[in-house]
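What follows is one structure encoded as structure tokens, with my remarks underneath.
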Amino acid sequence: MPHQTSIKVRGYHLDLYCHVNNARYLEFLEEARWTFFEDRADLPAFLASGIALIVVNINIDYRHPATMNDELVIETSVKSVGNRSSVLHQSVRLAGSDKIAASADVTLVAYNGRQQKAIPIEGQLRELLETLQHQA
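Everything in the sequence shown is counted per my numbering, starting at 368 for the first residue and increasing by one.
Okay, structure coming up:
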């Protein structure tokens, strides 16, 4: 089952047309990814390891406008795990309906901050991502 994060649309999220600004969706998706890993993994231990999952690509489709006071539910799941990258799938749905405001595939790579380079996804990180993939 995908992880769910709720966000209420506020006035500062809106553009001149009173819709959620496209750039705000990126922030909503990021908030949901942080919450996903906080809830489903030992985030402090992971961060202490010096390894980070960094975004290298986001493909996002905007499907339906969200407006002031809408409650949004962002669903996050691991779509795939490769040797050098992993893809998360995220969808932003209007709460209480089947309307998808946006959906995105987010490609992440493992980055070793101490070595200052991307590294293969292996060991405990691979096990974690594969476990999360099978929970979807």
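Note that the Cβ used here is the ideal one computed from N, Cα and C, for glycine as well.
None of the values given here were measured: they were computed from a predicted structure.
Of the other Cβ atoms in all chains shown, fewer than 16 fall within 10 Å of the Cβ of Tyr379; this residue is therefore exposed.
Judged by beta-carbon spacing, Gln457 lies within the 8 Å limit of Ser470, meaning their Cβ atoms are closer than that value. Under the three-state reduction of DSSP output, Asp382 falls in the coil class, being neither helix nor strand.
Secondary structure of Asp406 (DSSP, three-state): helix. In the DSSP assignment, Asn426 is bridged to Asp472. DSSP, reduced to helix, strand and coil, places Thr434 outside both helices and strands of the structure shown, so it counts as coil. Tyr384 and Ile427 do not touch by the CB rule: their CB atoms are close to 18 Å apart, not below 8 Å.
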